[in-house]
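Numbering (our numbering), first residue to last: 18 to 416.
Note that beta-carbon positions come from the ideal geometry of N, C-alpha and C, so glycine has one too.
All figures in this text were calculated on a predicted structure; none of them were measured in a lab.
Some notes on the structure that comes next.
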């Protein structure tokens with residue numbers, strides 16, 4: 018994907034309002050074949066009433082260009098038309114960057130779907146994030162799905178093979194950090210690095226109201242209490258940062274502005290840790306302006322966590338997203354977010370909160386320079402869109 022396809026969004030650094038979201042999260046289904054205790058959707062009943070592909074096409078056609086698109090669920094690959102949905106947003110909204118989370122249970126559908134999206138959208142950067150929250154039986158227990166760990170690893174390995182044939186594709190591992198596993202992050206990581214050859218890892222810090230309240234963390238009132246320790250999360254990220262700088266992890270160096278994306282990934286957990294520890298607003302939130310979400314039934318939200326503040330439903334607005342986005346209700350929610358200094362650790366919108374906030378640029382540049390300096394010290398000189406060939410070969414894992 019050309020750098021200009023990203024640069025064109027620069028004016029919205031200064032003008033946040035006036036257009037539909039730059040980062041759009043679309044829940045294409047609430048259905049899932051796993052039973053995760055930390056799931057934000059809670060109910061594991063069979064859900065109906067999802068927007069059809071034709072309805073989604075109409076919604077997309079009513080929206081402006083966007084920079085990030087995340088079709089999610091549920092398990093998004095349960096929808097066989099997922100590749101078509103992605104192609105619709107690439108065609109109508111010229112989205113240059115698509116990220117899809119998956120539990121990795123449907124290996125053939127994930128790999129075939131990835132290939133279809135990449136062939137159909139050769140100028141689009143795609144990354145698929147396979148969830149691994151524990152090693153072997155631990156992972157299966159957390160997700161209520163016997164055998165899921167083996168399936169997820171198989172899917173990841175096949176995606177890594179696919180990676181070799183597409184410069185615009187990355188296979189990643191994401192770890193949902195919760196009270197279940199915060200003390201085992203290094204164990205999980207060591208297994209994935211040693212036995213699976215994982216080269217890109219990031220975390221999602223549990224937020225909202227999970228199905229199992231025991232999965233949720235709160236800063237302990239009594240420091241001796243056996244509760245979630247956010248320092249475990251931060252210490253783990255310090256390790257990832259160190260290995261990223263030494264290029265033991267590839268991170269997102271393949272993508273345009275890869276160094277800046279990796280710098281952002283260094284900053285984000287630090288902000289999240291500060292929010293968890295201090296329980297306060299630390300950076301303005303762009304939900305409702307640069308970030309937006311829509312549930313599978315067509316409900317539009319400024320943020321997926323503000324489910325009590327639904328802006329409206331596209332089925333009631335002739336599928337005109339902007340009619341809902343710029344409604345009186347939309348203005349009320351945007352003003353509420355600004356006035357209350359609403360905050361959370363939602364990683365997707367933290368991305369735009371950081372990248373589109375000029376006050377963060379000194380911090381980003383500092384981390385970017387730190388990455389560059391570390392690369393020089395270790396004799397690494399990556400190209401703009403990826404590793405230099407000899408480095409790329411060294412980090413490829415034959416699977």
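Contact set for residue i: own chain, Cβ-Cβ below 6 angstroms, skip 5 residues either direction
i: residue 133; result: 100
i: residue 315; result: 68, 330, 331 and 332
i: residue 43; result: 88 and 311
i: residue 254; result: 286
i: residue 378; result: none
i: residue 41; result: 83, 86 and 309
i: residue 157; result: 163, 165 and 166
Other residues of its chain near residue i: CB distance less than 8 angstroms, five sequence neighbours each side excluded
i: residue 415; result: The pLDDT assigned to residue 415 is 31, lower than 50, so where the model puts this residue is not dependable, and the model offers no usable value.
i: residue 481; result: No information on residue 481 is available, as it lies outside the stretch 18 to 416 that the chain covers here.
i: residue 260; result: 266
i: residue 212; result: none
i: residue 72; result: 315, 331, 332 and 336
Backbone CA spacing between residue i and residue j [nearest angstrom]
i: residue 29; j: residue 81; result: 13 angstroms
i: residue 350; j: residue 321; result: 13 angstroms
i: residue 198; j: residue 52; result: 16 angstroms
i: residue 266; j: residue 287; result: 19 angstroms
i: residue 308; j: residue 33; result: 10 angstroms
i: residue 231; j: residue 245; result: For residue 231, the predicted structure reports a pLDDT of 48, less than 50, and the residue's modelled location is therefore unreliable. The matter cannot be settled from this model.
i: residue 214; j: residue 169; result: 14 angstroms
i: residue 360; j: residue 155; result: 31 angstroms
i: residue 56; j: residue 189; result: 20 angstroms
i: residue 102; j: residue 394; result: 44 angstroms
i: residue 343; j: residue 328; result: 9 angstroms
i: residue 304; j: residue 339; result: 15 angstroms
i: residue 358; j: residue 113; result: 30 angstroms
i: residue 209; j: residue 216; result: 9 angstroms
i: residue 390; j: residue 301; result: 30 angstroms
i: residue 277; j: residue 110; result: 23 angstroms
i: residue 382; j: residue 299; result: 19 angstroms
i: residue 35; j: residue 162; result: 44 angstroms
i: residue 366; j: residue 306; result: 11 angstroms
i: residue 375; j: residue 356; result: 20 angstroms
i: residue 218; j: residue 326; result: 33 angstroms
i: residue 346; j: residue 37; result: 15 angstroms
i: residue 207; j: residue 108; result: 40 angstroms
i: residue 364; j: residue 143; result: 18 angstroms
i: residue 167; j: residue 27; result: 42 angstroms
i: residue 252; j: residue 98; result: 40 angstroms
i: residue 348; j: residue 370; result: 19 angstroms
i: residue 196; j: residue 25; result: 41 angstroms
Nonlocal neighbours in the same chain, by C-beta distance under 7 angstroms from residue i, ignoring five residues either side
i: residue 372; result: 281
i: residue 175; result: 124 and 128
i: residue 75; result: 336
i: residue 182; result: none
i: residue 31; result: none
i: residue 334; result: 340 and 341
Selection from the options that minimises the alpha carbon distance to residue i
i: residue 185; options: 215, 380, 261 and 131; result: 131
i: residue 65; options: 313, 383 and 347; result: 313
i: residue 353; options: 319, 145 and 370; result: 319
i: residue 160; options: 54, 117, 212 and 302; result: 54
i: residue 385; options: 326, 262 and 347; result: 262
i: residue 296; options: 275, 224 and 72; result: 224
i: residue 135; options: 206, 346 and 187; result: 187
i: residue 117; options: 47, 218, 145 and 167; result: 145
8 angstroms Cβ cutoff met for residue i and residue j
i: residue 39; j: residue 84; result: yes
i: residue 194; j: residue 221; result: yes
i: residue 292; j: residue 362; result: yes
i: residue 192; j: residue 202; result: yes
i: residue 341; j: residue 380; result: no
i: residue 336; j: residue 290; result: no
i: residue 91; j: residue 49; result: yes
i: residue 152; j: residue 204; result: yes
i: residue 149; j: residue 96; result: no
i: residue 165; j: residue 279; result: no
i: residue 105; j: residue 77; result: yes
i: residue 324; j: residue 283; result: no
i: residue 115; j: residue 86; result: yes
i: residue 392; j: residue 264; result: yes
Closer than 7 angstroms: residue i CB and nearest the ligand NAP heavy atom
i: residue 265; result: This structure lacks the ligand NAP; in fact it carries no ligand of any kind.
* Asked: Which residue spans inside the segment 295–356 form an unbroken beta strand (DSSP E) run of at least 3?
  -> Taking only runs of at least 3 residues, the beta strand (DSSP E) segments lying wholly in the segment 295–356 are 308–311 and 316–318.
* To do: Would you mind listing the alpha helix (DSSP H) stretches within the segment 164–188 that are 4+ residues and don't spill past its ends, in chain order?
  => 165–180
* To do: Only counting runs of 4 or more residues, tell me where the alpha helix (DSSP H) segments fall wholly within the segment 100–138, in order along the chain.
  => 124–137
* Asked: Which runs of the beta strand (DSSP E) spanning at least 3 residues fall entirely within the segment 31–62, listed in chain order?
  -> 40–44
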